[in-house]
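A short worksheet on the structure shown next.
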Amino acid sequence: MTDEVVFYHNPRSRAQMAHWMLEEVGAPYRIVPIDFGKGEHKAPSFLALNPMGKLPTIVHRGTVVTETAAIIAYLADAYPQAGLAPALDDPSRGTYYRWLFFGAGCIEPALLDEILKRPAPEQKTALGWGSYDDVLNALKTALGKGPYLLGDRFSAADVYVGSELRWGMMFGAPGLKGETLFEDYVARLNDRPALQRIEATAG
Ligand SMILES: N[C@@H](CCC(=O)N[C@@H](CS)C(=O)NCC(=O)O)C(=O)O
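Quick note on this note's numbering: the sequence shown kicks off at 24 and runs consecutively.
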């Protein structure tokens, strides 16, 4: 079985986050471009892989993986030589999981609240992400020691959380640009050669 990762991709999407990770781990991969305008992500052949009709989606060693955070975590484990995930018995694995899941479960919906200007619901305690301000405050605590979420160690959690922050900054979510802690963190990530490589090809 080939070790090549088949990567369904469109540069104007969250697929860029997975693309960065593919470059970080040095995985052999083949890009299958998906044209949103032509509706290729809603074609039956693509829906058979990802019933959500969304990117990113990868196929590796015969298994489909969807959801950006899952793809990033999967690649960290599939290519352990890159050293982007703490070992299973390393206590920092807990911190690593914590921020990866926080990225998908809290940062992502909180950012969308702001970017899409979604009205706040009355029953806030049922929201898993609390509020946008709570999420930013938690992130400030997480990054306070730095330089990365696991301290000195860069990990796949930074690829995902950092991608979310970069994305939030791009769409003008409040409280990110001009906040030194976030600006410095994103600047450190922007220095990663793997990220620079994929940015250079994004067009
Ligand atoms: N929960 C998914 C969201 C993926 C997602 O919404 N991708 C967007 C692009 S950024 C997409 O494919 N949209 C196409 C559509 O829904 O029609 C993840 O984290 O990967």
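Cβ atoms here follow ideal geometry from the backbone N, Cα and C, with glycine treated the same way.
- Shortest gap from the CB of ALA196 to any heavy atom of ligand 1: 7 Å or more.
- Only residues of its own chain outside the window of five on either side were considered, and among them LEU98, TYR102 and ALA105 have a CB closer than 6 Å to the CB of VAL48, listed in chain order.
- For PRO144, same chain residues with a beta-carbon under 8 Å away, outside a window of 5 residues either side, are LEU150 in chain order.
- The alpha-carbon separation between GLY167 and ASP207 amounts to approximately 11 Å.
- When the beta-carbon positions are compared, LEU172 and VAL158 stay at least 8 Å from each other.
- Under a 10 Å Cβ-count criterion, ALA38 is classified as buried, with 16 or more other Cβ atoms of the shown protein chains found around its own Cβ.
- In its chain, beyond the 5 residues on either side, GLU27, VAL29 and PHE30 have a beta carbon closer than 7 Å to the beta carbon of ARG53.
- Annotation note: the stretch 66–106 contains the following uninterrupted beta strand (DSSP E) runs of length 3 or greater, listed N- to C-terminal: 80–83 and 86–89.
- Between the stretch 187–198 and the stretch 124–137, the count of C-beta pairs closer than 8 Å reaches three or more; the two stretches touch.
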